[in-house]
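**Q**
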Amino acid sequence: MDSFVFIQERLLPSLLEGTSVTIKLILLSIPFGLLTGIIVAVGRVYGNKPISMICRLYVLFFKGCPLLLLLFMIYFGLPPIGISLSPMAASVLGFVLCNGAYSSEYIRGAIQSVKIGQITAAEALGMTRFQGVLYIILPQAFRRALPGVGNEIIYLIKYSSLAYMITCIELTGAGKIVAARFFRFTETFMVIGIIYLILVTIATKLLNYAERKLYYPGMGPTSFKG
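Per numbering that gives the first Met the number 0, residue 0 is the first one in the sequence shown, and the count goes up by one each step.
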């Protein structure tokens, strides 16, 4: 079987199925990871001492814990205490916890770059502190944090391949199965690399578009080009 026939008839159908799982992992992990990052960042900046300490410990643990080890802990470590998750659910949970920790650092820095006097002005206009943070601080902070958060999204696309290690058969996992069955590793991993490149390129273009739409003069230069 020549390479073209192998790729067309054997490899691509499996990789397309795996790609759909990868996309599902990404689409589930990004919004929940971003939400987690926002909550943790706000807790660290505006929370009382216990909340701030909990958020610090969260970031410290999940930044220090290797993602693969975290996936193993969730998938293999939780069933003995009565919590069993599917490979997909365990993968998403691991990605959300890890992505949320890193994203929170970008968002925290962006929040702290917004002048604190704006909160005072909001309270003088009758807003609560929560409303001031939600409607005034966070929109400005998100614009400034977008380049860093965007990089985390790109990283998420690439390290989604680790889901295969807990039997979630995504793009890389599907490719490994086909390669091992037919002993065609070179063609398989070349095609996998091309698919990841396409996914990253699409994500980068979408982030470019989002940053241009959210850009306002004085909020800092755009970081994504193209």
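All C-beta atoms, glycine included, are put in the ideal place defined by N, C-alpha and C.
Kindly indicate which residue of Gly42, Ile156 and Lys62 has the alpha-carbon position closest to the one of Ile53.
**A** Among Gly42, Ile156 and Lys62, the Cα nearest to that of Ile53 is on Gly42.
**Q** If I'm right that Val113 touches Ile82 with Cβ under 8 Å, what's the distance once you round it to whole angstroms?
**A** So it is not a contact: roughly 39 Å between Cβ atoms.
**Q** Would you call Phe61 buried or exposed, if buried means 16 or more other Cβ atoms sit within 10 Å of its Cβ?
**A** buried
**Q** Thr21: which of Val177, Pro138 and Ile168 sits nearest, CA to CA?
**A** Ile168
**Q** Measure the Cβ-Cβ separation of Ile194 and Leu10 and say whether it is below 8 Å.
**A** No, these two residues do not count as a Cβ contact at 8 Å.
**Q** Relative to the alpha-carbon of Gly245, which residue among Ile29, Lys48 and Thr35 has its alpha-carbon at the smallest distance?
**A** In this structure the chain extends from 0 to 225, so residue 245 is not present and cannot be described.
**Q** What number of angstroms, rounded off, separates the C-alpha of Gly17 from the C-alpha of Leu155?
**A** 16 Å
**Q** Helix, strand or coil: how does DSSP classify Gly17 here?
**A** helix
**Q** For Pro138, count neighbouring Cβ atoms within 10 angstroms of its own Cβ and tell me buried if that reaches 16, exposed if not.
**A** exposed
**Q** Using a 10 Å radius around the Cβ and a threshold of 16 neighbouring Cβ atoms, would you call Val91 buried or exposed?
**A** buried
**Q** Between the alpha carbons of Tyr214 and Ile115, how many angstroms are there, rounded?
**A** 21 Å
**Q** What separation, rounded to the nearest whole angstrom, lies between the Cα atoms of Lys175 and Leu59?
**A** Put simply, the backbone Cα of Lys175 is about 33 Å away from that of Leu59.
**Q** Give the straight-line distance between the Cα atoms of Phe184 and Thr171, rounded to the nearest whole angstrom.
**A** 12 Å
**Q** Determine the extent of the alpha helix (DSSP H) in which Arg9 is found, giving its start and end residues.
**A** That residue, Arg9, is in no alpha helix (DSSP H); it is neither H nor E in DSSP.
**Q** Given a threshold of 16 other Cβ atoms within 10 Å of its Cβ, counted over all protein chains shown, does Tyr73 qualify as buried or as exposed?
**A** For the record, residue 73 in the displayed sequence is Ile; it is not Tyr. Answer is buried; the Cβ neighbour count reaches 16.
**Q** With burial defined as no fewer than 16 other Cβ atoms inside 10 Å of the residue's Cβ, what is the status of Val4: buried or exposed?
**A** By the neighbour-count definition (other C-beta atoms within 10 Å, threshold 16), Val4 is an exposed residue.
**Q** Rounded to whole angstroms, what is the Cα-Cα separation between Lys23 and Thr119?
**A** Within the model, the alpha-carbon separation for Lys23 versus Thr119 is close to 42 Å.
**Q** What's the gap between the Cα of Ser2 and the Cα of Ile197?
**A** One C-alpha to the other measures close to 21 Å.
**Q** Using DSSP with H/G/I as helix, E/B as strand and the rest coil, what is Phe141?
**A** Helix.
**Q** Which word fits Ala173, buried or exposed, when buried means at least 16 other C-beta atoms lie within 10 angstroms of its C-beta?
**A** buried
**Q** Could you tell me which whole alpha helix (DSSP H) segments of length 4 or greater appear in the segment 140-195?
**A** 170-181
**Q** For Ala202, tell me which candidate among Ala178, Ala162 and Ile153 has the shortest Cα-Cα distance.
**A** Ile153
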